[in-house]
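This report refers to the structure that appears directly beneath it.
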Amino acid sequence: NKEPSGYLDKIIDVERSIYDGVIFQSEVERSFAEALDRREDVKLFVKLPDWFEVDTPLGKYRPDWAVVMVDNAQEKLYFICETKGSKDMSKLRLSEKLKILSGKAHFSALEVPYEVETSAAELSPERIRAAWRDGTDNS
4 NKEPSGYLDK IIDVERSIYD GVIFQSEVER SFAEALDRRE DVKLFVKLPD WFEVDTPLGK
64 YRPDWAVVMV DNAQEKLYFI CETKGSKDMS KLRLSEKLKI LSGKAHFSAL EVPYEVETSA
124 AELSPERIRA AWRDGTDNS
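Under our numbering, think of the first position of the sequence shown as 4, with each following residue one higher.
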């Protein structure tokens, strides 16, 4: 009997998630999940399921991650994160860029920080919190 391999080669084992494994769709996502899992300041992360959708004028948008981090004072920070190969929005397809902007507006209305990142090494609770307070766009 042959094991199904559709998802098996797209799952990595993790410890800081609600599941033992995380499905990834790209090498950027795989690297991001592995790095999140190694960080002491990341208390929990989850790859958002396919049913988690944000309605946008261009159709459904599915953000990648929900993350819980702590800062130096051990204050928790909950946020949504989209992973991309580049933060340069001009390199994205127009529809993808507009969905990201719609997602950012959606989570802003819910008072949930939203970040576009290329690497988990760039994440900083202090930077995310400061950008959120200032209303600046780090993405």
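Even glycine gets a Cβ: it sits at the ideal position worked out from N, Cα and C.
No experiment lies behind these values; they were computed from the predicted model shown.
Could you name the residues that DSSP lists as bridge partners for Ser20? Your numbering for residue 20 matches position 17 in the sequence shown. Answer is Phe48, bridged to Ser20.
C-alpha distance - Gly106 paired with Phe55, whole-angstrom precision: On the sequence shown, residue 106 is found 103 positions in, with the first residue counted as 1. On the sequence shown, residue 55 is found 52 positions in, with the first residue counted as 1. Taking the straight line joining both Cα atoms gives about 12 Å.
Please give me, in chain order, every unbroken run of the beta strand (DSSP E) with length at least 3 that falls completely inside the region 65–110. Qualifying beta strand (DSSP E) stretches, in chain order: 68–73, 79–86.
Can you confirm whether the region 35–55 touches the region 91–108 when touching is taken to mean that 3 or more C-beta pairs between the two stretches lie within less than 8 Å? Under the Cβ criterion (8 Å, minimum of three pairs), the region 91–108 does not count as touching the region 35–55.
Helix, strand or coil: which one does DSSP assign to Glu120? Locating residue 120 in the sequence shown gives position 117, counting from the first residue. Strand at Glu120.
Use the C-beta contact count for Leu113: other C-beta atoms within 10 angstroms, 16 or more gives buried, fewer gives exposed. Position 110 of the sequence shown holds residue 113. Burial call: exposed.
With 16 as the cutoff for other CB atoms within 10 Å, does Ala124 come out buried or exposed? As a working mapping, residue 124 is identified with position 121 in the sequence shown. That one is exposed.
What are the boundary residues of the alpha helix (DSSP H) that Asp40 is part of? Taking the first residue of the sequence shown as 1, we reach residue 40 at position 37. Its alpha helix (DSSP H) spans residues 30–41.
Going by Cα to Cα distance, which pick from Lys100, Val119, Ile14 is closest to Thr86? Position 83 of the sequence shown, counting from 1, holds the residue named residue 86. A check of alpha carbon separations from Thr86 across Lys100, Val119, Ile14 identifies Val119 as the nearest.
What is the rounded straight-line gap between the Cα of Glu43 and the Cα of Thr59? For this step, residue 43 is matched to residue 40 along the sequence shown. For this step, residue 59 is matched to residue 56 along the sequence shown. If I take the Cα positions, the gap works out to 35 Å.
Measure the CB-CB distance between Glu129 and Asp74 and report whether it falls below 8 Å. The residue given as residue 129 occupies position 126 in the sequence shown. The residue given as residue 74 occupies position 71 in the sequence shown. For the 8 Å CB-CB criterion, Glu129 and Asp74 form a contact.
For Asp53, the three-state DSSP class (helix, strand or coil): The residue you call residue 53 lines up with position 50 of the sequence shown. Here Asp53 sits in coil by DSSP.
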